[in-house]
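If you count by the working numbering, then the first sequence holds residues 18 to 993, one letter each, in order. For every residue, glycine included, the Cβ atom is placed at its ideal position computed from N, Cα and C. Structure record follows, encoded as C-alpha cells.
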Amino acid sequence: MENYDPKKIESKWQEKWLESGIYKNYDREKKFYALDMFPYPSGVGLHVGHPKGYIATDVSARFKMLQGYSVLHPMGWDAFGLPAENYAIKNKIHPKIAVDQNIATFKKQLEKFGFTYDWDREINTTDPNYYKWTQWIFLKMFEKGLAYEAEEPINWCPTCKTGLALEDLEKGLCERCGTQVVKKKLRQWVLKMTDYADRLLDDLDSEDLDWEELIKEQQRNWIGRSEGVQFELRVIPASEPESKEILNQVQNDNFIEVYTTRLDTVFGMTYVVVAPEHPIIEKLKDEIENYSEVEKYQIGAQNKTDLERTELQKEKTGVELKGIKVINPFTKEDIPLFVADYVLGFYGTGAVMAVPAHDERDWEFAKKYDLPIKKVIEPCFWQLTEPGKIKEGEPFVERDAILAIVKHWKKDEYLGLKWKKVAWQTFITGGPEEGQTPEEGARMEVLEETGYRNLKLLRKLSMVHSQFYHVPKKVNRFAHFHSFLFQLENGEQETISEKEQENHEIVWLSKKEVSKFLTPDSQKYIWENLEKENAYTEDGILVDSENFSGLDSQQARAKMTEWLEKEGIGKKKVNYKMRDWVFSRQRYWGEPIPIIHCEKCGTVGVPEEQLPVRLPDVESYEPTDTGESPLAKITDWVNTTCPKCGGLAKRETNTMPQWAGSSWYYLAYIMRGISNFQFPISKYKEAFDTWLPVDLYVGGAEHAARHLLYARFWHKFLYDLGVVHTKEPFKKFIHVGLINGEDGRKMSKRWGNVINPDDVIEEFGADAMRIYEMFMGPFTQNISWSTAGVSGTRRFLEKVWRLNSKIQTTNSKIQNYKILYLLHKTIKKVTDDIENFRFNTAISAMMILVNELEKEEKISVADYEKFLIILSPFAPHIAEEIWSKFSDKFDDEKYRRSIFLQKWPEPDEKYLKDEKINLVVQVNGKVRDSIKTNADISEEEARDLALQSEKVKKFTDGQAIKKIIFVKSKLINIVI
RNA sequence: GCCGCGGUGGUGAAAUGGUAGACACAAGGGACUUAAAAUCCCUCGGCAGCAAUGCCAUGCGAGUUCGAGUCUCGCCCGCGGCACCA
C-alpha cells in the first residue's frame, strides 16, 4: 500500500461526498439537529480557533448519522454589521461585494475540513429573501405592541456618528472605534423584551434545557430579577417645622417613588437619593434653594461617561436638595433629599431610600457627608451544625442573655470557656437574673464562672441574636445576647463553685487563637467585627422599628409590605436588571425597519406582501452629521405612500442591529430546506415540528449571554404566534473554549500569532488537524495552540494507515482475545465520550488501541473495521479511504458503500469486564503491593492473599489488624 | 467589589473518594543509515540508593475518611463575565 497522502485522499472524498449527497438522509426515524454559531465573514479569513466548535458538531453529526439518525447540519453567514460597513467606507466598495468575497474565502477554507454541511441550506442574513423574514418577525412584534418608539438619551459615538446600545459599549468606549461615548437624545425603536423576562428566567430550569450551569447562570445574572417593594415618599417644603403634625394638612401631590428589596430596614432610612435624571428636580425647581448647584451637578453627571463613573466608583458625590424634605411614611419623620449619580436613572424608580447602617454604598455616602446612621437590624445566627444544631419542629424558648469578652489585665489575651459536658467553646455567657441590668448580669456571670471580680467596662457591643439547640437544657433557644467588652484590672480571683467547675474549664487565649477556639458563629461574628465599622447588610432581627421590632427580616418585609398596601402607598414589585432591547441603528448595512411614518395614520407597518423592504444603493455609507441613517438622504426611497390612507408618507430610515439576523437563523436552515423563503409561514410548520428544537448548539461563551437571550426571546415570541411548537430553541448548548496563540495570547494580527488553518491542513492534512483540535484538551477550556502537537496526531494517523498491511486476508476464525477486550472497551469509551463532549479522552483511548494493534503480527478485518468506524467521525477521510480499500481484498458489498452508511458498533458486554485484575493492597491507605488475581475474588481470599505478600508482611508483622476494607475487583486496605 | 471557572511533571493534559501523571508534545540516549529524514527501542515529578526499595509530591493551611487531585471550610494566585442593580 502506498504512503498516507492526506492531500490526495482528502480532496477526493470531499468531492465524492458532495456529489453523492451522502449526508442528506432526512427521512430516517430519529432526527438530530446540530448547529454552530454561524460566523461573521470578516476580511481576514478563518484562524485555527474558529473550526474547533465546527469540528465538534461535525464529529457529533457523523456519530449520529452512524447511529441511524437523520442529521441536519447546516452552515451560513451572519453578514450584516459594522465591520463590513466600515470596510466599505474605507475601500469605497459596496459592502455587498465585500461580503460576497469574504464568504467565498470562508467557504473555501471550511470545505477543506470535510464537514458534513448541507450547502443547499446555506443562508446569508443580508440576502433580501432572508431578511424579509427578519422584517416579518419585527412586524409581528410591532403588531403585538412589542416594538415601540422611544425618545431617550442614548449612548452616542461622535466618531461613528451612531447610537449604540449599552450592550455595544466596551468600558464606556465605542466597541468599534474606541471613541468616548457621550449621551444624546435620539428616537429609537425598542423591543419590549422585559415582557418575556420571567419566562426567559424560569424556562432556564425547565427540562427542555440541557445547558451548562455556567451559561444558565450568565443568563440569570443578565436578567437580574429581584423582588421588592415600590412605595411613595411625600415631599414637603423644608420650612414646615413639624412634619408629623402637618402631614395630613399638606395639600400637594409631590411624591418620590422608591424601590427596595430591603423594606425591613426602612426605619433606618436617614435620607433619600434621586438620580441626576430624576424628574422631581425639574418639577420642584422653584422650591429647591440651591437649584443652580444642583443643575451644575446634573450637567456634570450627564457628561460623565460610564468610564468616568467607574473610575469615580470609590468616591461618591452628591448634592443636597435644599428647601425640600421627604417624609418616611413609617416614622413620619422628615429626612433630607440628595441627588447623587451613584443612583441610576434607568434602574428601579431612579430613587432610593438610603439606609447607611445596612447598605454599603449608602454607608460610604453617609460617612462622607456626615449623615446620621441609624441601626435597625441586628445580626442573627442560626446554628445549622452540631453541636447545638436547631431541632426541627420544636418551639423556641426566648431568653435575654449576656455575653462577656474579658481581656487579661496585662497581656493581649482573652477568657474562653471550654464546656465539659458539650463540645462547646465560648466566651463567658449566661442569663441575667430578674431585676438585673444586662451589665450587672454580665459582671455576675464572669464572677461565677471564672472567679474574676475586678472588671472595667471597655465597651458595650452591638446585640447579637442566636437560635440554637441548648444541649444542657434540651430546648431550642432563641437568645438575645447583650454583649460587653471588659478588661480585668488585676488577677484577683475568688474560688469557683464546684458546680461551675464541673461545667467548664477556663482558658486564656491569644488574639490569634480566639477565632479557632469559638464554636458558635454568633460569637465568631462578634469577635471578628470587634474593631470593624461598616454596614451590616445581612438579614437579622429588627430593632428600633416600633411595632415591627423583634421580627426577623423576612417576617418584617412581609408585614411592612402589607402595611404599605393597606395604606395605599406602596406595592410589591419585581424588577429586572435586563432592560428593553434598543433595536435601531443609524447605519446603512443592516435590515431596514419595515415601518412607514404617515402624518395622518401615524406609524404604520409595511404590509407583509410588500416585504422585503430592500436596502437601496447609496453613494456614501457614512452616517449623517445629525445622526440619522444614510438612508435618510435617499429621498426616492424615503418617500412612499401610506399603505393605510394612500397619502404621502416616509419610510423609517433606521436599520436593525446585527443581532437581529442571528436571532432566528436556526429556523432559516429548516425553511431553506423546503423553499426559498416563501410566504406564508404556515408552509413551514411541519418542517419546524420535525426538526425543532436544535439538539446540539455549539459556540463561544463570549456570545452566549446576549445572543442566546435574544434568540430565546424571539423564539418564545414565535411560540406565542404558534409558529414553533417548542418553548426553547436550543435543547443543548455547549460553549467552546478559545484557542489562543502559541504564545498564550489571544490570536490577533497585532501579536503576529495568528495561525491559518489552510497552512496546517497543507502540512498535516485535515484529519490530523481535526483530531488535534479535539485532542488538545477539554473542549470547553481555553487553550494555547501548538503546531508541534499536530505532528503527534499526524503520527497517530500514519500508524492507523500502516495497520492496513497487517490485515489477515485468510479467513481465519482465530480470535485475539486481548485485542477484543481492548477494542470493546474502546468502543464503549468513545461512544460515551462523544456523547459527553470528552473528545480528548476518546482520542487517547483510540491511540492506546492503535498502539496495541501495532504490536500484533496480524489483525482481523472484523476488529479493524469496527475501529475505523469509531475513528471516522474524527478523521473521516482516512477512515473512508481505508474502508474503500477493503473491497480490493474482501468481496463484501458493504465495502463498496461509504463507511458513513455503516452502523456504529455496539460494545459487547462480555468483553467489558476483565477476568483478571490487579488487586491493589494497601496498608493504612498506602499502596504496598499489587497482586494479579481473578476479578471475582472474595474478601476472604483477597485477605489471605494480601497477608501472604512479602511486601505487605514487612508492614503488618507484629501489628494487630484493626480493620480490613475490601473494594471488590479493586483493592484491599489493611488497617493496623 | 460581586458572580462563575480554574490551579496536577519541562509542556498540553488523564484520573465513578481507591495504584497520581494514562495519552500526547518536547528533551536526552540508543538501533537502522555513508549521512539525514522517517521508523523502532529505552529514559523522562523530586530526594536518597548500585539496586530492591523508601520517603516527599496535585497552589497554601486546616478538616472529614480506612483512604482526598477528587468532598467541607478558610486563604493565595490566574482567567472570564458583570459592574454603584437599591
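Query, Result
"To the nearest angstrom, how far is it from the Cα of I934 to the Cα of K971?", "23 Å"
"Please look up how many angstroms separate the CB atoms of P893 and L63, rounded, as I've assumed it's under 8 Å.", "About 19 Å; that fails the 8 Å criterion."
"Which same chain residues, not among the five before or five after L995, have their C-beta less than 6 Å away from its C-beta?", "With the chain represented from 18 up to 993, any question about residue 995 goes unanswered, as that position is not in the structure."
"Roughly how many whole angstroms lie between the Cα atoms of E582 and G690?", "56 Å"
"Check for me: the alpha helix (DSSP H) holding N108 runs from which residue to which?", "99–108"
"Figure out for me which residue from I298, I788, G782 has the closest Cα to the Cα of E22.", "Residue 22 is actually Asp in this sequence, not Glu. Considering only alpha carbons, the answer is G782."
"Pull up the distance between the alpha-carbon of I989 and that of K435, whole angstroms please.", "41 Å"
"Mapping DSSP to helix, strand and coil, what is G152?", "Here residue 152 is Gln; the residue named in the question, Gly, does not match the sequence. Three-state result, Q152: helix."
"Around the Cβ of I995, are there at least 16 other Cβ atoms within 10 angstroms (buried) or fewer (exposed)?", "Missing from the structure shown is residue 995; the chain here goes from 18 to 993 and no further."
"Check the C-beta distance from I394 over to H375 and give it rounded, since I have them as a contact under 8 Å.", "6 Å"
"Quick check on this structure: which residue in Y469, V275, S514 has the alpha carbon closest to the alpha carbon of W525?", "Y469"
"Starting from the C-beta of S986, find all residues in its chain whose C-beta is less than 6 Å away, skip the five residues before and the five after it, and write them out in chain order.", "I934, A952"
"Pair every Cβ in the stretch 503–515 with every Cβ in the stretch 532–547, then say whether three or more of these pairs are closer than 8 Å.", "no"
"With which residues is I344 paired in a DSSP beta bridge?", "R251, D351"
"What's the C-alpha gap between T858 and F792?", "7 Å"
"Under a three-way DSSP split, which group does E34 fall into?", "What sits at residue 34 in the sequence shown is Trp, not Glu. Residue state, collapsed to three classes: helix."
"In or out: L547 buried (at least 16 other Cβ within 10 Å) or exposed?", "exposed"
"Between which residues of its own chain and C397 is the CB-CB distance below 6 Å, once the five residues before and five after are set aside?", "H482, G557, I558"
"Where do the N-terminal and C-terminal ends of the beta strand (DSSP E) with Y714 fall, by residue?", "713–717"
"Would the stretch 845–857 count as touching the stretch 70–82 if we require 3 or more Cβ pairs under 8 Å?", "yes"
"Between which two residues does the alpha helix (DSSP H) containing D556 stretch?", "Careful: D556 lies outside any alpha helix (DSSP H) and carries neither H nor E."
"Considering D219, what are the terminal residues of the alpha helix (DSSP H) in which it resides?", "214–219"
"Pick out whichever of M688, T652, L738 has its Cα sitting closest to the Cα of P91.", "M688"
"Please state whether DSSP places M370 in a helix, a strand or coil.", "strand"
"Answer yes or no: do W94 and P145 have a C-beta to C-beta separation smaller than 7 Å?", "no"
"In whole angstroms, what separates the C-alpha of G241 from that of V591?", "10 Å"
"Using the Cβ count rule (16 or more neighbours within 10 Å means buried), how would you classify Y834?", "exposed"
"To which residues of the same chain is W731 closer than 6 Å at the C-beta, ignoring the five residues directly before and after it?", "S680, W681"
"State the beta-bridge partners of H497 as determined by DSSP.", "D417, H482"
"Which whole-angstrom value is the C-beta distance of T672 and G607, which I expect to be below 8 Å?", "3 Å"
"Which residue wins for smallest C-alpha separation from Y364, given the options D597, D908, Q319, L632?", "D597"
"Just to confirm my understanding: we take S915, look at its own chain, exclude 5 residues before and 5 after, and list those with CB closer than 6 Å. What are they?", "I39"
"Contact between the stretch 367–383 and the stretch 332–340 is defined here as three or more beta-carbon pairs at a separation below 8 Å; is this criterion met?", "yes"
"For C662, does the count of other Cβ atoms within 10 angstroms reach 16, so buried, or fall short, so exposed?", "exposed"
"Going by the DSSP bridge assignment, what does Q442 pair with across the sheet?", "K435"
"In three-state terms, what does DSSP make of F600?", "coil"
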